[in-house]
Amino acid sequence: MSRDVRVTGRTPVVIVVLASVAALFFVLPFAGLMWRVPWSNLFDVLGDEDVIRALSLSLRTSIVAAILAALLGVPLAWALARTRFPGRRFLRAVATLSMVLPPVVGGVALFFSFGRRGLFGQWLHEWFGITLPFSTAGVIVAQLFVAMPFLVLAVEPAFRQSDPRYEDAARSLGGSSWFVFTRVSLPAVRPALASGLLLAWARALGEFGATITFAGNLPGRTQTLPLATYVALETEPTEALVISLLTIGISFTMLLGLRDRWLEVDR
Amino acid sequence: MVACGPSGSGTDTLTVFATSSLTEAFERLAQAFESETGIAVESSFASSSDLAKQIVEGAPADVFASADNANMNIVAESGLLVDEPRVFATNSLAIVVAPGNPLGISTVDDLTDPDLVLVTCDESVPIGRYTAEMLGRAGVVVSPDSYEENVKGIVNKVALGEADVGIVYVTDVLAAGDSVTGVAVPDEYDVVATYPIAATRDSGAARRFVEFVSDSEVARDILADFGFGAPE
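Going down the list, the protein sequences come from chains A and B. To convert, take the position in the first sequence, counting from 1, and add 364; that gives our numbering. To convert, take the position in the second sequence, counting from 1, and add 547; that gives our numbering.
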């Protein structure tokens, strides 16, 4: 599948130097981490009950968050790309704001909106008895809040670039609007959707600030891998390194494995 | 080693790492110290355990003020203390609840109610260990809903109305003003927290700050204003 794009002629030396600096900048922190990892008791730590619980919680919540991000984010991306309505640019900015918000501020904002005393949360609490803070559902809400923008940003340009004439054609042949969306619009953006889903999932997996602020930190219920890493850093720094290695390993494998298979965008 | 000036842009800036429960008191102390000596103080507040770790990893602290001896010892064991630490203040525990205590919490036993949203800190953070010690003495077992990063996190969750109850220092309840209400912990269960301070860099300014905090009348008054006790 993968197509080699060869550069003809010489690459400017400046570019090579700067690119090398960039590459080293990313590689060195991981090398530093690996250097300190206590390889001898790796499996002791990985078998630790708290670590397994945090891993399981992290996987469950981040996968649910990524699926929800796609379920809600794809329609939003489509609406932003294909429809005209007042305040569209404003909405696009708001929908991606949580990417640049300090995560702790995001957590506090979630309190003020979905918390027990929040703008909407108080009704959730009063009418349905649902309280999001300090619950596993709260973890997913925090992850969704920071992860969905990645999906929207990946998918929206793809919708905008895909040729609307295919959709027009399908519609003129009698396809319902739902049929057109699921059979024509959606397949056209599949590579972008896959990469968006992956980025959103990876972001959800690494989420820390909004989670510890909004969902709290309780083993088994809200203590995800990044939170377990943070707690371990207080007491068992070497354990913390092994847990972060685990997180990195999972994300890296996914990013590496899926890259070639799904993300090969037509050039 | 040459006695190099404190970190920061100017030579007259002192970097103080202080545990979160000292936030309000140390802001005032820093002002008093600055007007007396002309040395500006930059403070970094976090849990004692976070700060101890940062100092051990090479953070540019001139002075460290901890909420317990254990975290001070972590820094001491790394050979980073210039002098013996000095205890300059004490603190005790209080139950923190929403303003006006709507749930009517009056004793430590009330904390066992499983429907209460109770937040605390991990035992690596001083308040977490003091809390465990106090509950142990009272023979009370609680089921926390979250382990916060530091004591201010506990106060904030209660002030925001998201948690029903937490155990913090008496001084935190005082500092939070009207946003929370404190319920006293009975004396027989209470734990006395001791606060040591030490210079972590060999500079005149750092030593002077440590002396100011642990010996001066001004500092003693400020600490008393914020509810801290004097060391024995």
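Glycine included, C-beta positions come from ideal geometry on N, C-alpha and C. For clarity, every value in this text was computed on a predicted model and none was experimentally measured.
So does the region 597-607 of chain A actually touch the region 540-557 of chain A, counting three or more Cβ pairs closer than 8 Å? no
Under three-state DSSP, which class holds G776(B)? strand
Whole angstroms are fine: how far does the CA of P466(A) sit from the CA of E764(B)? 41 Å
Assuming R633(B) is part of the alpha helix (DSSP H), what are its boundary residues? Run containing R633(B): none in the alpha helix (DSSP H); it sits in the beta strand (DSSP E), R633 to N638.
Check each residue of the region 702-720 of chain B: if its Cβ is closer than 7 Å to any Cβ of chain A, include it; give the result in chain order. L707, G708 and E709
Determine whether the beta carbon atoms of A566(A) and A522(A) lie at a separation below 8 Å. no
To the nearest angstrom, how far is it from the Cα of V698(B) to the Cα of A568(A)? 27 Å
When DSSP labels each residue in this structure, what does E735(B) get in the three-state scheme? coil
Kindly indicate which residue of V468(A), L436(A) and L444(A) has the alpha-carbon position closest to the one of A457(A). L444(A)
For the pair the region 580-600 of chain A and the region 410-430 of chain A, tell me if three or more CB-CB distances fall below 8 Å. yes
From the DSSP output, in three-state form, read off T659(B) for me. helix
So, is the C-beta of T586(A) closer than 8 Å to a C-beta in chain B? yes
Identity of the residues DSSP links to Y594(A) by a beta bridge: The partner list for Y594(A) (beta bridge, DSSP) is empty, contrary to what the question assumes.
By the three-class DSSP mapping on this structure, what secondary structure does G557(B) have? Its pLDDT being 44, under 50, G557(B) is placed unreliably in this model, and the value from its coordinates should be taken loosely. G557(B) falls in the coil class under three-state DSSP.
How is the beta strand (DSSP E) around I674(B) delimited, first residue to last? Per DSSP, I674(B) belongs to no beta strand (DSSP E); it is in the alpha helix (DSSP H), P673 to A685.
Quick one: residues in its chain with C-beta nearer than 8 Å to the C-beta of I612(A), no 5 flanking neighbours on either side, listed in chain order? F394 and L397
Reference E631(B), options V757(B), F573(B) and N648(B), closest by Cα: V757(B)
Short CB-CB distance (under 8 Å) between V595(A) and chain B: yes
Secondary structure at S384(A), three-state DSSP: helix, strand or coil? helix
Where the alpha helix (DSSP H) through A556(A) begins and ends: R554 to G570
Alpha-carbon to alpha-carbon, T566(B) and A753(B): 17 Å
Is F498(A) helix, strand or coil by DSSP? coil
Quick one: using the 10 Å Cβ neighbour count with 16 as the cut-off for buried, is F509(A) buried or exposed? buried
Backbone CA spacing between Y694(B) and P450(A) [nearest angstrom]: 44 Å
Local Cβ density within 10 Å of S536(A), reported as buried at 16 or more and exposed below that: exposed
By the three-class DSSP mapping on this structure, what secondary structure does P583(A) have? coil
Contacts of S726(B) in chain A (Cβ-Cβ under 9 Å): Going along chain A, no residue has its Cβ under 9 Å from S726(B), so there is no contact; the nearest lies around 12 Å.
Could you tell me whether the Cβ of G396(A) comes closer than 8 Å to any Cβ of chain E? You won't find chain E in this structure, because its protein chains are A and B.
Give the DSSP-derived three-state secondary structure of F484(A) in the structure shown. coil
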